[in-house]
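So the sequences go chain by chain: A and B. Just so we're aligned: 411 in our numbering is position 88 of the first sequence, and the numbers increase by one with no gaps anywhere. Just so we're aligned: 1317 in our numbering is position 104 of the second sequence, and the numbers increase by one with no gaps anywhere. Encoded as structure tokens, the structure appears first; notes follow it.
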Amino acid sequence: MASPQDSNDKNKKQQTKTDKDKSADQEKNKDKNKDQDQDKSKTDDSGFGGTLTTKSSKKTTDTATLGFKGVDGNGYVDPDKLKEEPNGDDLRIAQLMTGVKTNTDEAKAFVDNGKLKSR
Amino acid sequence: MKNILTTTFALVLLAASAQAQFGGWTGTVMNKGAKVAEASRPWTPAEEQMIGDRAAAKLIHVFGVYNNPDMNKYVQMVGSTVAQFGQRGDVTYHFAVLDTDIANAFAMPGGYVFVTRGALRNMKNESELAGVLAHEVAHVDGRHLEREIRDKKFTGIAVETGVEQGTSQVPYGSWANVDGMLTKALTNVFTQGYSPAKEAEADKQGTDIATKAGYQATGLRDFLQSLSDLSVNAATQRSTNMFNGHSHPSFSSRIAKLTQQAAGSTGGQTLEPRFKQNMNLVPTAEAAKNTQAAK
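Next comes the structure, spelled out in structure tokens:
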């Protein structure tokens, strides 16, 4: 049977260990958050801000390309650009579009707010 | 005569056997007759999705997606609201804003719908946006791009080379073939537009869809009026020049038809305050120049 002193020592040791674990976990989380932030900034490049169902789609700085992108001086689609094959980023953004799901509650609130109709 | 019948019968058997053995676009040993039949048949849902993914990526490659999550989300919300009243239950719709000042909207197979930043800038309220998105939903409902591709024989490339290359499950044999076909089809749509019949169908159907969703029936008409105004102003016509070579009806005839259609409908929402609240578009140098010129 362990004495109260032993038990206290054990508790202290456990506490120290827990503190160590905590700080290690915090470090890990810091790294994880950093990674997540990096991932998020990658996703934000798409213009969708990740999943649109979450509240994380805070306003980001607009990065609109100035002017008539994709068209020539007369406003016609640039035929050379159109002939090019889409690259990995283009395909990734198209995939992100398909991943965007409208949250049912949010959609209902949107319809109600505008006095619109649902099917 | 007997020879012809025998040959035809053999061709049918061969085609059926290749279909049964390989399925879809993946046959490696198919005669030209079977290839023609294969290239002109309607797309399966999986093929429509794969071709749509590629077509959407191509549009994204040309124009880019507007990097504004809130704006894309708002367009998605309006689009989803109208898309519920579309005719096809087998398509999930995806909406996004393209990063260009030209004023237009595009629908791609598989439910991809794009509206441009330039179009949004020239809208006055949410019913106009709903009308435009519903018009594009109607193009997807009617499988207009797919029909355009098959009717205009843009699949010819696959007939000549595609199916023989037979790479796994890729439609028309390879992505290079799909890209070639889409380049032809999109060039055609961008320079000539859809046929007058398809455009009129999308106008009518789109207005019906938007009205069923509770929007004012004049949304699409009012936006077309704005495009018409832009097209006659030297300072702004560049944003609508894409419509110049189009074989589809002129703005005035479309506006007249839509006015007639809307006459039978009363009420409906315009939601101008909500639209303005959501339109935090960056004023571009081009737009500023246009505003100056218009003054």
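All C-beta atoms, glycine included, are put in the ideal place defined by N, C-alpha and C.
Please list, in chain order, the chain A residues whose beta carbon lies closer than 8 Å to that of residue i.
i          : result
Asp1266(B) : Leu414, Ala417, Gln418, Thr421
I want to verify the contact list: residues of chain A whose CB lies under 7 Å from the CB of residue i, in sequence order.
i          : result
Asn1454(B) : Asn397, Gly398, Tyr399
Tyr1325(B) : Met420
Leu1399(B) : Leu405
Ala1271(B) : Reading off the sequence shown, one finds Lys at residue 1271(B), where the question assumed Ala. Simply Pro409.
Helix, strand or coil for residue i? Go by DSSP, reduced to three states.
i          : result
Val1345(B) : helix
Thr425(A)  : coil
Val1326(B) : strand
Gln1297(B) : coil
Glu1373(B) : Residue confidence is low: Glu1373(B) scores 49 on pLDDT, short of 50, so the model does not pin down where it sits. Its coordinate-derived value is still stated next. Note: Glu1373(B) maps to helix in three-state DSSP.
Phe1488(B) : helix
Val394(A)  : strand
Phe1319(B) : strand
Tyr1287(B) : helix
Val1310(B) : strand
Gln1429(B) : coil
Gln1474(B) : helix
Val400(A)  : strand
Val1304(B) : coil
Gln1482(B) : strand
Ala1353(B) : The amino acid at residue 1353(B) is misidentified as Ala; the sequence shows Val. Val1353(B) falls in the helix class under three-state DSSP.
Val1278(B) : strand
Would you mind telling me which residues of chain B sit closer than 7 Å to residue i, beta carbon to beta carbon, in chain order?
i         : result
Thr425(A) : Gln1289, Met1290, Ser1293
In chain B, which residues lie less than 9 Å from residue i when you measure between Cβ atoms?
i         : result
Lys438(A) : Gly1427, Gln1482, Leu1484
Under 8 Å Cβ-Cβ, which residues of chain B neighbour residue i?
i         : result
Lys404(A) : His1274, Val1275
Closest Cβ-Cβ distance between residue i and chain B: below 8 Å?
i         : result
Lys431(A) : no
Ser364(A) : With a pLDDT of only 38 at Ser364(A), under 50, the local geometry of the prediction cannot be trusted, and the value read off the model is given with reservation. Closer than 8 Å: no.
Gln361(A) : Interpretation of Gln361(A) is limited by its pLDDT of 42, a score under 50 that renders its predicted location unreliable; no figure is taken from the coordinates.
Arg442(A) : yes
Can you pull the chain A neighbours of residue i, defined as C-beta to C-beta under 9 Å?
i          : result
Thr1161(B) : Shown here, chain B extends from 1214 to 1508; a query on residue 1161(B) therefore has no answer.
His1348(B) : The premise fails here: His1348(B) is roughly 17 Å from chain A at the closest Cβ pair, so nothing lies under 9 Å.
Arg1334(B) : Near Arg1334(B) there are no residues of chain A at all, since even the closest Cβ is about 11 Å away, more than 9 Å.
Lys1489(B) : The contacting residues do not exist; Lys1489(B) stays about 13 Å from chain A at best.
Please name the residue, chosen from the options, that lies closest to residue i on a Cα-to-Cα basis.
i          : options                                        : result
Gln1474(B) : Trp1388(B), Gly1432(B), Leu1484(B), Asn1281(B) : Gly1432(B)
Thr1400(B) : Leu1342(B), Leu1358(B), Lys1425(B), Ala1426(B) : Leu1358(B)
Arg1434(B) : Ala1448(B), Asn1446(B), Gln1418(B)             : Gln1418(B)
Ser1210(B) : Thr1479(B), Asn1493(B), Phe1436(B), Gly1481(B) : Any property of residue 1210(B) remains undetermined from this structure, which presents chain B solely from 1214 to 1508.
Gln1516(B) : Val1278(B), Asn1338(B), Ala1320(B), Gln1438(B) : What the structure shows of chain B is the stretch from 1214 to 1508, and residue 1516(B) is not part of that stretch, so it cannot be assessed.
Arg415(A)  : Ala1269(B), Ala1476(B), Leu1471(B), Gly1406(B) : Ala1269(B)
Asp1364(B) : Trp1388(B), Gly1393(B), Ser1408(B)             : Ser1408(B)
Leu439(A)  : Pro1486(B), Gln1482(B), Asn1493(B)             : Gln1482(B)
Arg1487(B) : Gly1302(B), Ser1340(B), Asp1421(B)             : Ser1340(B)
Gln1430(B) : Asp1392(B), Gly1344(B), Asn1390(B), Asn1446(B) : The identity of residue 1430(B) in the sequence shown is Ala, whereas the question assumes Gln. When each option's Cα is compared against that of Ala1430(B), the closest is Gly1344(B).
Of all the CB atoms in chain A, is at least one closer than 8 Å to the CB of residue i?
i          : result
His1352(B) : no
Gln1405(B) : no
Thr1396(B) : yes
Ile1315(B) : yes
Ala1320(B) : no
Asp1312(B) : yes
Gln1418(B) : no
Phe1298(B) : yes
Ala1448(B) : no
Ala1413(B) : no
Asp1303(B) : no
Contact the stretch 1347–1354 of chain B vs the stretch 426–433 of chain A: 3+ CB pairs below 8 Å: They do not touch, by the three-pair rule.
Below 8 Å, how does it come out for the stretch 1443–1453 of chain B and the stretch 1316–1335 of chain B: are there three or more Cβ pairs, yes or no? yes
Using a Cβ distance threshold of 8 Å, determine whether the stretch 1287–1297 of chain B contacts the stretch 1396–1415 of chain B, with at least three qualifying pairs required. no
Contact between the stretch 390–402 of chain A and the stretch 1308–1315 of chain B is defined here as three or more beta-carbon pairs at a separation below 8 Å; is this criterion met? yes
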